[in-house]
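Participant: Dropping the structure in here first, questions after.
Number of protein chains: 2
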Amino acid sequence: MTPEDISHTLEKDILGGTLAPGSVLPQGALAARFGVSRIPVRDALARLASAGLVELAPNRRARVVQMTRDEVIEAYDLRLLLETDLFARALKRMTPQDLDRIDYALARSDLEARNANWAEGDALFHAALYAPAQRSRQQAMIDGLRRACRVQIASYAILPEDTDRWLADHAALRDLCRAGQTTAAAERLRAHLTGARDTLLSHLT
Amino acid sequence: MTPEDISHTLEKDILGGTLAPGSVLPQGALAARFGVSRIPVRDALARLASAGLVELAPNRRARVVQMTRDEVIEAYDLRLLLETDLFARALKRMTPQDLDRIDYALARSDLEARNANWAEGDALFHAALYAPAQRSRQQAMIDGLRRACRVQIASYAILPEDTDRWLADHAALRDLCRAGQTTAAAERLRAHLTGARDTLLSHLT
DNA sequence: GGGTGTAAAAGTGTATACAGATATACAGAA
DNA sequence: TTCTGTATATCTGTATACACTTTTACACCC
Chain A
5 MTPEDISHTL EKDILGGTLA PGSVLPQGAL AARFGVSRIP VRDALARLAS AGLVELAPNR
65 RARVVQMTRD EVIEAYDLRL LLETDLFARA LKRMTPQDLD RIDYALARSD LEARNANWAE
125 GDALFHAALY APAQRSRQQA MIDGLRRACR VQIASYAILP EDTDRWLADH AALRDLCRAG
185 QTTAAAERLR AHLTGARDTL LSHLT
Chain B
5 MTPEDISHTL EKDILGGTLA PGSVLPQGAL AARFGVSRIP VRDALARLAS AGLVELAPNR
65 RARVVQMTRD EVIEAYDLRL LLETDLFARA LKRMTPQDLD RIDYALARSD LEARNANWAE
125 GDALFHAALY APAQRSRQQA MIDGLRRACR VQIASYAILP EDTDRWLADH AALRDLCRAG
185 QTTAAAERLR AHLTGARDTL LSHLT
């Protein structure tokens with residue numbers, strides 16, 4: 005059990021909803037759970053903190069982040085800004101191979117969605133969508149925001165109709181990429197994200 | 005000497021040019037320097053890594069980040085995207101008090117610039133410029149990018165003419181804010197950033 | 001009941017020690 | 001000289017121990 009393993013496992017717990025926003029994460033308990041001392045646990049918590057999944061304060065126990073309504077709005081605004089920009093860059097450089105990879109990612113995400121593992125597939129599809137842009141830093145920022153948003157979503161049961169809409173959006177995005185309709189594709193992505201934001205916000209109050 | 009103190013001190017060294025990009029940072033040496041054990045040093049290095057100032061790899065010594073040309077371009081593209089957006093949001097909500105604070109920051113940055121501490125003043129001025137938007141996450145992202153860029157700049161001697169152009173840009177931005185000329189202000193910010201990028205790129209090869 | 005002070009319990013931060021991995025220096029071969 | 005293999009020195013990762021801080025629980029007073 006390395007710190008990386010520990011942080012990955014905890015990330016799954018957080019994003020899977022086992023650890024709800026606001027939960028406390030005592031180092032000692034985690035150390036016992038993973039069969040290590042507190043040192044690698046501290047390391048793992050530091051990783052999660054820099055990924056934006058937990059909050060650390062001196063002499064305080066770590067907590068799973070809990071975003072306010074305004075913070076959720078800001079996060080989605082940032083995703084809109086960064087993802088539409090990255091998508092536009094990707095579209096300009098998209099090769100037939102990239103399109104095939106997007107097809108593959110779409111098929112996989114479709115599979116995962118029925119397997120109660122929708123978010124994994126979502127991240128995979130969008131990663132494939134943006135990969136042609138070859139912008140690792142921007143991609144990393146987007147991943148961070150995506151994870152932060154997902155922590156908030158994880159505590160709610162996702163409705164099947166949401167999943168359907170979401171899969172339809174992905175399929176539409178794929179089609180628009182293939183057809184080379186860049187402005188329509190960008191618009192669809194924008195709608196996809198604002199839709200996701202609004203369903204999350206409707207659950208928050 | 006807390007981990008936070010240590011990371012701040014190291015950050016100053018890195019951004020001040022004492023620790024050039026690529027320098028190694030052995031935990032033991034730092035522990036001796038700061039009079040603590042290696043544990044808080046590891047903590048400080050983790051902070052710097054999450055701020056994007058050093059690179060950490062398992063069982064390897066920490067290194068000050070060294071960006072490639074493409075990474076510099078990507079970083080400035082991201083700053084352009086995030087800073088122009090944040091500036092536009094700030095302009096919409098700018099009050100007379102905010103304008104006074106910007107005046108104050110401009111005066112201070114003018115002072116710091118003559119004191120060989122230009123970057124501190126630069127960060128201060130831009131923070132004042134964006135503060136009315138009240139977007140902590142976006143501001144944090146921008147700060148991270150700004151620091152990452154500055155690490156690369158730190159190793160070069162800044163020409164006085166650059167500082168002059170840079171101060172003139174700031175003054176112009178302030179004036180455009182006061183005059184309420186939002187589109188011209190946004191355009192000036194864009195020029196300010198692309199100018200900074202190009203001088204950095206000209207030094208890189 | 002509701003607030004307040006205090007002591008025990010639980011938790012965090014860090015020094016020390018040691019095992020394992022990496023980097024360095026140097027001798028010998030091409 | 002330049003490359004390669006190897007022994008040594010250095011460095012990192014983590015368990016343990018202990019001091020200090022925060023949290024919790026409970027008795028007390030209003």
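Chain order of the listed sequences is A and B. Residue 5 is where the first sequence starts when you use the numbering used here, and the numbers rise one by one after that. Residue 5 is where the second sequence starts when you use the numbering used here, and the numbers rise one by one after that. By construction, the Cβ of each residue, glycine as well, lies at the ideal position given by its N, Cα and C atoms. It should be emphasised that the depicted structure is a prediction, and the values quoted were computed from it without experimental measurement.
1) Taking the alpha-carbon of LEU197 of chain B as reference, which of B:LEU19, B:GLN138, B:ILE77 and B:ALA183 has the nearest alpha-carbon?
2) Leaving out five residues on either side along the sequence, give the residues of the same chain with a beta carbon under 7 Å from the beta carbon of ALA132 of chain A.
3) Going along chain B in order, which residues have a C-beta closer than 9 Å to the C-beta of SER54 of chain A?
4) Taking Cβ-Cβ distances below 9 Å as the criterion, which residues of the stretch 116 to 135 of chain A are in contact with chain B?
5) State the start and end residues of the unbroken alpha helix (DSSP H) segment that holds VAL155 of chain A.
6) The stretch 135 to 156 of chain A: which residues have C-beta closer than 7 Å to a C-beta of chain B, in chain order?
7) Rounded to a whole number of angstroms, what is the C-alpha to C-alpha distance between ARG64 of chain B and ARG93 of chain A?
8) Would you list, in chain order, the members of the stretch 70 to 83 of chain B that have their beta-carbon closer than 9 Å to a beta-carbon of chain A?
9) Against chain A, which members of the stretch 89 to 101 of chain B pass a CB distance test of less than 7 Å?
10) Taking the alpha carbon of ARG178 of chain A as the point to measure from, which residue in A:GLN156, A:GLU124 and A:PHE91 has its own alpha carbon closest?
11) By the 10 Å Cβ neighbour count, where 16 or more other Cβ atoms means buried, how is VAL155 of chain A classified, buried or exposed?
12) Where does ALA24 of chain B fall in DSSP's three states?
13) Please decide whether LEU208 of chain B counts as near chain A, where near means a Cβ-Cβ distance under 8 Å.
14) Any beta carbon of chain A sitting closer than 8 Å to that of LEU193 of chain B?
15) Starting from the beta carbon of LEU85 of chain A, find every residue of chain B whose beta carbon is closer than 9 Å, and list them in chain order.
16) Are the stretch 10 to 28 of chain B and the stretch 163 to 181 of chain A in contact at 8 Å, needing three or more beta carbon pairs?
17) Take every Cβ of the stretch 189 to 204 of chain A, pair it with every Cβ of the stretch 37 to 51 of chain B, and state whether three or more of those distances are shorter than 8 Å.
18) Take SER159 of chain B and list the residues in its own chain whose beta-carbon comes closer than 7 Å to its own, dropping the five residues that flank it on each side.
19) Per the DSSP calculation, LEU29 of chain B is bridged to which residue(s)?
20) Starting from SER41 of chain B and walking both ways along the alpha helix (DSSP H), at which residues does that stretch end?
21) Say the cut is 7 Å; is the CB of ALA172 of chain A nearer than that to a heavy atom of the ligand ZN?
22) One question on the structure: do VAL216 of chain B and ARG46 of chain B come within less than 8 Å of each other, judged by their Cβ atoms?
23) Who are the near neighbours of THR99 of chain A in its chain, counting only those whose CB is closer than 6 Å to its CB and skipping five residues on each side?
24) Determine the extent of the alpha helix (DSSP H) in which THR186 of chain A is found, giving its start and end residues.
25) Straight-line CA distance for LEU29 of chain A to PRO7 of chain B?
26) Alpha carbon to alpha carbon, how far is LYS16 of chain B from ARG118 of chain B? Give it in angstroms, no decimals.
27) Could you tell me if HIS207 of chain A is buried or exposed, where buried requires 16 or more neighbouring beta carbons within 10 angstroms of its beta carbon?
28) Using only the alpha-carbon positions, how far apart do ASN121 of chain A and ALA188 of chain B sit?
29) Take LEU12 of chain A and list the residues in its own chain whose beta-carbon comes closer than 8 Å to its own, dropping the five residues that flank it on each side.
30) Since ALA127 of chain B and ARG141 of chain B should fall inside the 8 Å C-beta cutoff, what is the C-beta to C-beta distance between them, to a whole number of angstroms?
31) Could you spell out the range, first to last residue, of the alpha helix (DSSP H) harbouring ALA109 of chain A?
32) Between the C-alpha atoms of ALA123 of chain B and ASP168 of chain B, what's the straight-line distance to the nearest angstrom?
33) So MET71 of chain B and ALA61 of chain B are supposed to be a Cβ contact under 8 Å. How far apart are they, rounded?
Facilitator: In short, the structure shows the following:
1) Residue mapping note: residue 197 of chain B aligns to position 193 of the second sequence, counting from 1. Checking every option, the nearest Cα to that of LEU197 of chain B belongs to B:ILE77.
2) Locating residue 132 of chain A in the first sequence gives position 128, where the first residue counts as 1. Result list for ALA132 of chain A: ARG105, ILE106 and ALA109, in chain order.
3) To locate residue 54 of chain A, count along the first sequence from 1; it is residue 50. In chain order: ALA50, ARG51, ALA53, SER54 and ALA55.
4) Hits within the stretch: zero.
5) As a working note, residue 155 of chain A is residue 151 in the first sequence. Start and end: 140 to 158.
6) Close to chain B, meaning a Cβ-Cβ distance shorter than 7 Å, are the following residues of the stretch 135 to 156 of chain A: ARG139, ARG141, GLN142 and MET145.
7) The count along the second sequence starts at 1 and reaches residue 64 of chain B at position 60. The count along the first sequence starts at 1 and reaches residue 93 of chain A at position 89. So the two alpha carbons sit approximately 35 Å from each other.
8) Taking 9 Å as the cut-off between beta carbons, the residues of the stretch 70 to 83 of chain B near chain A are ASP74, GLU75, GLU78, ALA79, ASP81 and LEU82, in sequence order.
9) So the list reads ASP89, given in the order they occur along the chain.
10) Taking the first sequence and counting its residues from 1, the one referred to as residue 178 of chain A is at position 174. For the residues A:GLN156, A:GLU124 and A:PHE91, the minimum Cα distance to ARG178 of chain A belongs to A:PHE91.
11) For the purposes of this step, residue 155 of chain A is taken as residue 151 along the first sequence, with counting starting at 1. Flag for VAL155 of chain A reads buried.
12) Taking the first residue of the second sequence as 1, we reach residue 24 of chain B at position 20. Reduced to three states, the DSSP call for ALA24 of chain B is coil.
13) As a first step, residue 208 of chain B is located in the second sequence; it is residue number 204 there, counting from the start. So no, LEU208 of chain B is outside the interface.
14) Here the question's residue 193 of chain B lines up with position 189 in the second sequence. LEU193 of chain B does not count as touching chain A.
15) Position 81 of the first sequence holds residue 85 of chain A. LEU85, LEU86, ASP89 and GLN142, listed in chain order.
16) Contact fails: fewer than three Cβ-Cβ distances are below 8 Å.
17) Contact fails between the stretch 189 to 204 of chain A and the stretch 37 to 51 of chain B, because fewer than three Cβ pairs, one in each stretch, are under 8 Å apart.
18) Your numbering for residue 159 of chain B matches position 155 in the second sequence. Within the same chain, SER159 of chain B has close Cβ partners GLY21, ALA24 and PRO25.
19) The residue you call residue 29 of chain B lines up with position 25 of the second sequence. LEU29 of chain B pairs with B:ALA66.
20) Start at 1 with the first residue of the second sequence, and residue 41 of chain B comes out as number 37. That residue, SER41 of chain B, is in no alpha helix (DSSP H); it is neither H nor E in DSSP.
21) With respect to the ligand ZN, the structure shown offers nothing to examine, as it has no ligands at all.
22) Residue 216 of chain B falls outside the range modelled here, since chain B spans only 5 to 209, and no answer is possible.
23) Taking the first residue of the first sequence as 1, we reach residue 99 of chain A at position 95. In its chain, beyond the 5 residues on either side, no residue has a beta carbon closer than 6 Å to the beta carbon of THR99 of chain A.
24) Position 182 of the first sequence, counted from the start, is the residue given in the question as residue 186 of chain A. Here the alpha helix (DSSP H) through THR186 of chain A covers 186 to 208.
25) The sequence position of residue 29 of chain A within the first sequence is 25, counting from 1. The sequence position of residue 7 of chain B within the second sequence is 3, counting from 1. Rounded to the nearest angstrom, the two C-alpha atoms are 21 Å apart.
26) By 1-based counting over the second sequence, the position of residue 118 of chain B is 114. By 1-based counting over the second sequence, the position of residue 16 of chain B is 12. One C-alpha to the other measures close to 18 Å.
27) On the first sequence, residue 207 of chain A is found 203 positions in, with the first residue counted as 1. That one is exposed.
28) Position 117 of the first sequence, counting from 1, holds the residue named residue 121 of chain A. Position 184 of the second sequence, counting from 1, holds the residue named residue 188 of chain B. Cα-Cα distance, rounded: 47 Å.
29) As a first step, residue 12 of chain A is located in the first sequence; it is residue number 8 there, counting from the start. Position check: residue 12 of chain A holds His in this sequence, whereas Leu was assumed. Sequence-distant partners of HIS12 of chain A (beyond 5 residues in either direction) whose C-beta falls short of 8 Å from its own C-beta are missing from its chain.
30) Looking up residue 127 of chain B in the second sequence gives position 123. Looking up residue 141 of chain B in the second sequence gives position 137. The C-beta separation of ALA127 of chain B from ARG141 of chain B comes to about 17 Å, leaving the pair out of contact by the 8 Å criterion.
31) Your numbering for residue 109 of chain A matches position 105 in the first sequence. Looking at the DSSP string, the run of the alpha helix (DSSP H) that includes ALA109 of chain A is 100 to 118.
32) Numbered from 1 along the second sequence, position 119 holds the residue referred to as residue 123 of chain B. Numbered from 1 along the second sequence, position 164 holds the residue referred to as residue 168 of chain B. One C-alpha to the other measures close to 13 Å.
33) Numbered from its first residue, the second sequence carries residue 71 of chain B at position 67. Numbered from its first residue, the second sequence carries residue 61 of chain B at position 57. The beta-carbon distance between MET71 of chain B and ALA61 of chain B, rounded to whole angstroms, is 17 Å. This is too long to meet the 8 Å contact definition.
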